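The structure appears below as structure tokens.
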Amino acid sequence: MARLREPRDPRVTVATRPLWRIRMARELPRWLLCALSATGLAASVRFAVAPPRALTPRDVASASPAREPAAEGYAALFARRYLTWNAAEPQASSRSLAPFLGSDMEPDAGLELPPAGEQRVEWVEVVQEREPLAGEHVYTLAAQTDTAGLLYLTVGVVRTAAGALALAGYPAFVGAPATQPAQGGPRMREVADAALATVVQRALRNYLAGSAGELAADLTSGARVSLPGLPLSLESVQRLDWTPGGGAVLAVVQAQDARGVQYTLAYEVDVTSVQGRWEVSAVQVDPDA
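According to this note's numbering, the stretch in the sequence shown is residues 13 to 301, in order.
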């Protein structure tokens, strides 16, 4: 008969833990909940004080890809050749378009000439750009023609894997970019200093006339000014106001060229007071920029 084993004596092990660990384990869930609530409240306050705003045209422009002059020129060259034709010499149009076309496009890019007539392009200018896909640019070009007038054409351009430029497809005739009448700027404070008005008027007269030596007398020592290529005579100063930021005045003037053509022009003139005398440091543009 087998003998039964006697049960072992029960033993109790007592482990000691620091009191701060016990409290942390007990309070940790509550702390986590409080932290999560505080984060949610902070986010709510952030959106209430400064809510997200919709992208403005300025934001879109700043986020647009860098310009590609080569692609712009390629699009402009295609537009010029596409819109220049002579029905009496259809082969000339075909030869001019051939370098742009591939097997995926119709001959002459689908252009079929009428029985008679011709058209020439006087100038082409890129006026708008968008990037529907990465690496693809769609340019809107304004083209002045001698028969159809001012036309707007979109031309898509891509870069191949080898880095060459190529058309992304057929062109399209479109409408002009949205425009509106000129908007007046903010109201500015009129220049009341007679001495300043005299210096600005004299400087603009010499600037428009291309008189570098006479102009130098009213310039600061470090001024850099590039004279206009069309000599003009200053007829009158219509308005002279301080610009909003100060340090410059905006002069609206009337001027006339040697042919008798009259212009209304606006010039921003940077001015500074040197030992009690007004001097000019820049006129409208920075020639070094």
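Glycine included, C-beta positions come from ideal geometry on N, C-alpha and C. Since the model is a prediction, treat every value here as computed from it, not as a measurement.
Supposed contact pair L109 and R93 - C-beta distance, whole angstroms, cut 8 Å: 6 Å
Rounded straight-line distance, which links the Cα of P299 to that of D71: The pLDDT assigned to D71 is 48, lower than 50, so where the model puts this residue is not dependable; a value taken from the coordinates is nonetheless given after this. Distance between the alpha carbons of D71 and P299 is about 28 Å.
Where the beta strand (DSSP E) through S106 begins and ends: First-last for S106: P102 to L109, but that is the alpha helix (DSSP H), not the beta strand (DSSP E).
Strand pairing of V186, partner residues [DSSP]: Y164
Own chain residues within Cβ distance below 8 Å of L165, not counting five before or after: A91, Y94, L95, T152, L153, A155, P183, A184, F185 and V186
Backbone CA spacing between L113 and A260 [nearest angstrom]: 53 Å
DSSP three-state assignment for T210, whether helix, strand or coil: helix
L252 and A209 closer than 7 Å at C-beta: yes
Whether D307 touches R142 by CB criterion (7 Å): No answer is possible for residue 307: the residues shown for the chain start at 13 and end at 301.
Simplified DSSP assignment, three categories, for V57: Only weak support is given to the placement of V57: the predicted model assigns it a pLDDT of 49, under 50, and the question is left unresolved by the model.
Inter-residue CB distance, A263 and L216 (contact presumed, cutoff 8 Å): 6 Å
Per-residue DSSP class, three states only, for P144: strand
Alpha-carbon spacing of V286 relative to E202, whole angstroms: 21 Å
Continuous beta strand (DSSP E) stretch holding R251: start and end: S245 to W254
Spatial distance of G168 from G197 (CA atoms): 36 Å
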